[in-house]
Every structure is written in C-alpha cells, then in structure tokens.
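**Student:** Have a look at this one before I ask anything.
Residue numbers (the working numbering): 4 to 112.
Right, dumping it as structure tokens:
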C-alpha cells in the first residue's frame, strides 16, 4: 500500500498533472488531443504526465476505436484522504462535539 501511496503523492506533486486531473474531474473521457488543449506544454510532455498518472492509478483509460479516452479515478486520492486527512478531521469533529456538549451543559445549569 505504501508504494501505491508514494505513486499518488508523486503524481499529485506536479502542478501540470494536477491541472490535467482537474480537467478530467470536470469532464471525463477526454482524448490526448483534448487534454493538450489549453496547456503550454508539448503533447509529448502531456503524454509523460499521463503515464505517471496512470501508474498511480488516478487516471484510467478506455479504448474507443482508435481513440484512448482518459478518466479520473478518485479512489486512490480518497484512500489518501481517509488515511492522512480524515484521521485529523475525526479529532476536530470530536473536539467540536465535546465543546457543544459542554456549552449545552452550561445552558442547562
């Protein structure tokens, strides 16, 4: 699992890859040509970024005829969220719950 998480963190570390993921989040099923539109990097560079994103399993592809369609796979990002961010939120939510209870007890007195 750690090696998979390392790939996801590496994939998310680059702003160009994050922009590609944002585009796929907005609209999945984009071709390489569509993903290249609006980027100031070469088609070859976009292809290299997509390879890293696919290796991290945050992008999955499907062939349609001669085209290769790219889709966002949010599961690996969600797994990282649950392990690294969700754990911190539980503590904050518990603290808010405790504060609410304490305030309600003060009002009852």
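Yeah, the Cβ is synthetic: ideal placement off N, Cα and C, and Gly gets one too. As the structure is a computational prediction, the values presented were derived from the model and not from experiment.
Quick check: residue 77 and residue 59, are their CB atoms within less than 9 angstroms of each other?
**Tutor:** By one-based count along the chain shown, residue 77 stands at place 74. By one-based count along the chain shown, residue 59 stands at place 56. Not in contact: residue 77 and residue 59 (Cβ atoms no closer than 9 angstroms).
**Student:** Are there 16 or more other CB atoms within 10 angstroms of the CB of residue 99, so buried, or fewer, so exposed?
**Tutor:** Locating residue 99 in the chain shown gives position 96, where the first residue counts as 1. Exposed, since its Cβ has fewer than 16 Cβ neighbours within 10 Å.
**Student:** Determine the closest residue to residue 57 out of 68, 75, 41 and 101, with distance taken between C-alpha atoms.
**Tutor:** In the chain shown, counting from the first residue as 1, residue 57 sits at position 54. Cα-wise, what sits closest to residue 57 is 75.
**Student:** Using DSSP's beta-bridge definition, name the partner residues of residue 74.
**Tutor:** Position 71 of the chain shown, counting from 1, holds the residue named residue 74. The partner list for residue 74 (beta bridge, DSSP) reads 63.
**Student:** Among the residues of its own chain, which have a CB less than 8 angstroms from the CB of residue 12, if the five just before and after it don't count?
**Tutor:** Looking up residue 12 in the chain shown gives position 9. Cβ neighbours of residue 12 beyond the five flanking positions: 83.
**Student:** Under 8 angstroms by Cβ, that's how I've got residue 38 and residue 49 pegged, so tell me the actual separation to the nearest angstrom.
**Tutor:** What you label residue 38 is simply residue 35 of the chain shown in a count that begins at 1. What you label residue 49 is simply residue 46 of the chain shown in a count that begins at 1. Contact flag correct, Cβ pair sits at about 6 angstroms.
**Student:** With a CB to CB cut of under 8 angstroms and the five nearest residues on each side skipped, what residues in its chain are close to residue 70?
**Tutor:** Here the question's residue 70 lines up with position 67 in the chain shown. 34.
**Student:** Taking C-alpha atoms, which residue in 19, 87 and 44 lies nearest to residue 9?
**Tutor:** For the purposes of this step, residue 9 is taken as the residue at position 6 of the chain shown. Ranking 19, 87 and 44 by Cα distance to residue 9 puts 87 first.
**Student:** Could you please give me the residues that DSSP links to residue 33 through a beta bridge?
**Tutor:** Counted from its first residue, the chain shown places residue 33 at position 30. DSSP, once it has assigned bridges, lists 73 as partnering residue 33.
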